[in-house]
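Below is one structure, written out as structure tokens; the observations come after it.
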Amino acid sequence: MPRRPRDPGVPRTPIQHFGAELRAHRDLAGLSRAQLAAKIGYSSVWIGQIENGKESPSKEFAQDCDTFFGTNGLFFRGWEWIQQVAELNLLPPGFPDFLEREAEAASMHIFETMVVTGLFQTPEYAHEVLKSGKKPEVVERLVATRMERQQILDDEDPPHIVAIFDEFAIRRPIGDTETRRGQLRRLIELSERPEITIQIVPANTGAYAGLPGAFMVLSFSDAPDVVHIETHKGAQLLDHSTIVREHELRFDLIRGVALSTSGTLDLLHSILESL
497 MPRRPRDPGV
507 PRTPIQHFGA
517 ELRAHRDLAG
527 LSRAQLAAKI
537 GYSSVWIGQI
547 ENGKESPSKE
557 FAQDCDTFFG
567 TNGLFFRGWE
577 WIQQVAELNL
587 LPPGFPDFLE
597 REAEAASMHI
607 FETMVVTGLF
617 QTPEYAHEVL
627 KSGKKPEVVE
637 RLVATRMERQ
647 QILDDEDPPH
657 IVAIFDEFAI
667 RRPIGDTETR
677 RGQLRRLIEL
687 SERPEITIQI
697 VPANTGAYAG
707 LPGAFMVLSF
717 SDAPDVVHIE
727 THKGAQLLDH
737 STIVREHELR
747 FDLIRGVALS
757 TSGTLDLLHS
767 ILESL
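All residue numbers for the sequence shown refer to our numbering, where the first residue is 497 and numbers rise by one.
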């Protein structure tokens, strides 16, 4: 008599939860793993690995399970949950909280010194920024997450954004020439939107208030402002009123030495034409 598969215990992850649901539905149907495998076209070994939470199901497998068991999307929703958690686990500490607040913001004041801000990046530029030291599949998912963030720019009521860049961030040779051209065209297109203001601090500016580094101030219609700062160890959200006010004042000082919007647009066109 074949040995009964070991019960993996209480599910602790989305993958384990999917496996527990699969095992429960298979048992209710009175099927062995081998019988289920024969009916839906997968190996019994792979089904066993999924039931034990040792293997992540594919999208197709989840859909096939829903069709076979008549579960009206239960397994597909489980697969989506696995993908969402996996994406969050790829992000630096603190970044999921930032993404949630970013999506709720009514306005943003962004200052960048090293690269174009993630909300404005093209997929090609984002790939170059994110690829260092990571596996290709991880980079692909991080780029996809970054592109999903940008959907707020096309909402019916998008946030008002003022973004100021140090000129060195715009001129930094990230990617090949076509990648740089594409990113500059993207900035020019965004600068023409009424809710987006882009300015550049010219390279010939001496010491100014932006030298300590990049930051973002997020403002909300029903909550106090917060400051977002990225570090090598992750993202920080600071909500102390004194700290927020200091960054708001610093942003005003930075804006005071930046080019006008028309001067910025001229500079972007000049850099694009020089490539």
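Every residue gets a Cβ at the ideal spot worked out from N, C-alpha and C, and that includes glycine.
Are there 16 or more other CB atoms within 10 angstroms of the CB of residue i, so buried, or fewer, so exposed?
i: residue 601; result: buried
i: residue 563; result: exposed
i: residue 741; result: exposed
i: residue 553; result: buried
i: residue 760; result: buried
i: residue 543; result: buried
i: residue 500; result: For residue 500, the predicted structure reports a pLDDT of 49, less than 50, and the residue's modelled location is therefore unreliable. A value from the coordinates is still provided. So residue 500 counts as exposed.
i: residue 710; result: buried
i: residue 521; result: buried
i: residue 758; result: exposed
i: residue 739; result: exposed
i: residue 689; result: exposed
i: residue 743; result: buried
i: residue 745; result: exposed
i: residue 515; result: buried
i: residue 519; result: buried
i: residue 497; result: Residue confidence for residue 497 is low, a pLDDT of 42 falling below 50, so the modelled location carries little weight and cannot support an answer.
i: residue 764; result: buried
Helix, strand or coil, according to DSSP, for residue i in the structure here?
i: residue 635; result: helix
i: residue 656; result: strand
i: residue 697; result: strand
i: residue 516; result: helix
i: residue 692; result: strand
i: residue 711; result: strand
i: residue 716; result: coil
i: residue 562; result: helix
i: residue 523; result: helix
i: residue 651; result: coil
i: residue 672; result: coil
Are the CB atoms of residue j and residue i within a distance shorter than 8 angstroms?
i: residue 662; j: residue 706; result: yes
i: residue 534; j: residue 612; result: no
i: residue 679; j: residue 621; result: yes
i: residue 597; j: residue 722; result: yes
i: residue 698; j: residue 771; result: no
i: residue 511; j: residue 549; result: yes
i: residue 732; j: residue 614; result: no
i: residue 626; j: residue 638; result: yes
i: residue 624; j: residue 684; result: no
i: residue 604; j: residue 714; result: yes
If we ignore side chains and look at the alpha-carbon of each, how far apart do residue i and residue j end up?
i: residue 712; j: residue 660; result: 10 angstroms
i: residue 565; j: residue 541; result: 20 angstroms
i: residue 656; j: residue 618; result: 20 angstroms
i: residue 593; j: residue 728; result: 17 angstroms
i: residue 517; j: residue 575; result: 12 angstroms
i: residue 610; j: residue 651; result: 28 angstroms
i: residue 668; j: residue 629; result: 20 angstroms
i: residue 730; j: residue 513; result: 29 angstroms
i: residue 643; j: residue 569; result: 26 angstroms
i: residue 673; j: residue 768; result: 10 angstroms
Would you give the residue range spanned by the beta strand (DSSP E) that residue i belongs to?
i: residue 727; result: 722–727
i: residue 606; result: 603–608
i: residue 554; result: It is not in any beta strand (DSSP E) - residue 554 carries neither H nor E in the DSSP assignment.
Would you give the residue range spanned by the alpha helix (DSSP H) that residue i belongs to?
i: residue 622; result: 619–626
i: residue 739; result: 737–753
i: residue 759; result: 757–770
i: residue 730; result: That residue, residue 730, is in no alpha helix (DSSP H); its beta strand (DSSP E) goes 730–734.
i: residue 611; result: Run containing residue 611: none; DSSP gives neither H nor E here.
i: residue 528; result: Segment: none, residue 528 is in no alpha helix (DSSP H) and carries neither H nor E.
i: residue 540; result: 540–547
i: residue 703; result: Here residue 703 belongs to no alpha helix (DSSP H), and DSSP marks it neither H nor E.
Does at least one heavy atom of the ligand MN sit under 7 angstroms from the Cβ of residue i?
i: residue 692; result: Because no ligand of any kind appears in the structure shown, any question about the ligand MN cannot be addressed here.
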